Amino acid sequence: DTEVTQTPKHLVMGMTNKKSLKCEQHMGHRAMYWYKQKAKKPPELMFVYSYEKLSINESVPSRFSPECPNSSLLNLHLHALQPEDSALYLCASRFREPTGELFFGEGSRLTVL
Amino acid sequence: DQQVKQNSPSLSVQEGRISILNCDYTNSMFDYFLWYKKYPAEGPTFLISISSIKDKNEDGRFTVFLNKSAKHLSLHIVPSQPGDSAVYFCAASGVDNNDMRFGAGTRLTVKP
Chain A
1346 DTEVTQTPKH LVMGMTNKKS LKCEQHMGHR AMYWYKQKAK KPPELMFVYS
1396 YEKLSINESV PSRFSPECPN SSLLNLHLHA LQPEDSALYL CASRFREPTG
1446 ELFFGEGSRL TVL
Chain B
2 DQQVKQNSPS LSVQEGRISI LNCDYTNSMF DYFLWYKKYP AEGPTFLISI
52 SSIKDKNEDG RFTVFLNKSA KHLSLHIVPS QPGDSAVYFC AASGVDNNDM
102 RFGAGTRLTV KP
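The listed protein sequences correspond, in order, to chains A and B. Numbering-wise (the working numbering), the first sequence opens with residue 1346 and increments by one. Numbering-wise (the working numbering), the second sequence opens with residue 2 and increments by one.
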């Protein structure tokens, strides 16, 4: 199994809603990543978990709250988002650190109304 | 501050010819470099990588060249095929850390 699975694929939410994005991998990777990508821009790093501990937080606003319940699962909890947070949210995992490639999911397309 | 830069947003080549995609980086702590390919509505997929101890890595039609002194790398695709049409991202990672930074991407179009 070489997949990173992200759900939902599409999410529309209002600014007062609370929702979550979910990411799962069963490759035994111990580093998991959240990236945000807007149209015609590069993926921007948001968070990195290494061995289930948050190792990088790129000064992301607190309305985004990551969670890593176990080594296979990564969540991104969303609350009080703004329309400018609308983007493609990509999850990735990595086996070897610091070398080794990232394996990406297909992304969750988020629209904030 | 964009630490990884791809200055050409698009490139168009004829089928069978060489495609050369370029990437520059500013952070001298980067020591591992990767190229990813992305189709619409899909996540990026890994293509090829190179560590800073090498200056060339080849995998089939794909070759990555690294010039550390110039902080520059390039991806060569020979021969180019229409199926190679996609957005190509350059990425870089530093020693002893987990982060990976991406360039803005170059959209490659290979014409039949």
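From the three backbone atoms N, C-alpha and C, an ideal C-beta is built for every residue, glycine too. For clarity, every value in this text was computed on a predicted model and none was experimentally measured.
Beta-carbon proximity list for residue i, same chain, < 8 angstroms, skipping 5 on both sides
| i | result |
| --- | --- |
| Met101 of chain B | Leu35, Ala92, Ala93 and Ser94 |
| Thr1350 of chain A | Cys1368, Glu1369, Gln1370 and Gly1450 |
Cross-chain neighbours of residue i in chain B, by beta carbon under 8 angstroms
| i | result |
| --- | --- |
| Pro1353 of chain A | Ordered by position in chain B, no residue passes the 8 angstroms Cβ test against Pro1353 of chain A, which lies about 14 angstroms from the chain. |
Environment of residue i [buried if 16+ CB atoms lie within 10 Å]
| i | result |
| --- | --- |
| His1374 of chain A | buried |
| Asp85 of chain B | buried |
| Gln1391 of chain A | Residue identity check: residue 1391 of chain A is Met in the sequence provided, not Gln. With 16 or more Cβ atoms within 10 Å of its Cβ, Met1391 of chain A is classed as buried. |
| Ala1376 of chain A | buried |
| Glu1348 of chain A | exposed |
| Ser13 of chain B | exposed |
First and last residue of the uninterrupted beta strand (DSSP E) at residue i
| i | result |
| --- | --- |
| Met101 of chain B | Met101 to Phe103 |
| Thr1352 of chain A | Val1349 to Thr1352 |
| Ile19 of chain B | Segment: none, Ile19 of chain B is in no beta strand (DSSP E) and carries neither H nor E. |
| Ala87 of chain B | Ala87 to Gly95 |
| His1374 of chain A | That residue, His1374 of chain A, is in no beta strand (DSSP E); it is neither H nor E in DSSP. |
| Ala1432 of chain A | Ala1432 to Arg1439 |
| Tyr1394 of chain A | Glu1389 to Ser1395 |
Neighbour list for residue i in chain A, Cβ cutoff strictly below 7 angstroms
| i | result |
| --- | --- |
| Asp100 of chain B | Leu1390, Val1393 and Ile1401 |
| Ser35 of chain B | Ser is not the amino acid found at residue 35 of chain B; the sequence shown has Leu there. Ordered by position in chain A, the residues that pass the 7 angstroms Cβ test against Leu35 of chain B are Glu1446. |
| Glu43 of chain B | Glu1451 |
Other residues of its chain near residue i: CB distance less than 6 angstroms, five sequence neighbours each side excluded
| i | result |
| --- | --- |
| Leu22 of chain B | Leu76, Tyr89 and Thr107 |
| Thr1456 of chain A | Val1357 and Ser1431 |
| Gly17 of chain B | Pro80 |
| Arg1408 of chain A | His1424, Ala1425 and Leu1426 |
| Pro1406 of chain A | none |
| His73 of chain B | Asp25 |
| Lys57 of chain B | Phe66 |
Cut-off 7 angstroms between Cβ atoms - residues of its own chain near residue i, not counting five sequence neighbours on either side
| i | result |
| --- | --- |
| Leu48 of chain B | Trp36, Tyr37, Lys38 and Phe63 |
| Gly1452 of chain A | Gln1351, Leu1433, Tyr1434 and Leu1435 |
| Lys1364 of chain A | Leu1356, Met1358 and Leu1423 |
| Lys1383 of chain A | Ala1432 |
Contacts that residue i makes with chain B (C-beta to C-beta distance below 9 angstroms)
| i | result |
| --- | --- |
| Ala1376 of chain A | Asn99 |
Interface partners of residue i on chain B, CB under 7 angstroms
| i | result |
| --- | --- |
| Pro1387 of chain A | Phe90, Phe103, Gly104, Ala105 and Gly106 |
Query raised in the report: Going along the chain, which residues of the segment 1418-1438 of chain A sit with their C-beta nearer than 7 angstroms to a C-beta in chain B?
Result: Under the 7 angstroms Cβ criterion, the segment 1418-1438 of chain A contributes Leu1435.
Requested in this report: Anything in the segment 43-67 of chain B with a Cβ closer than 8 angstroms to a Cβ of chain A? List those residues in chain order, please.
Outcome: If the cut-off is 8 angstroms between Cβ atoms, the segment 43-67 of chain B has Glu43, Gly44, Pro45, Thr46, Phe47, Ser50 and Ser52 near chain A.
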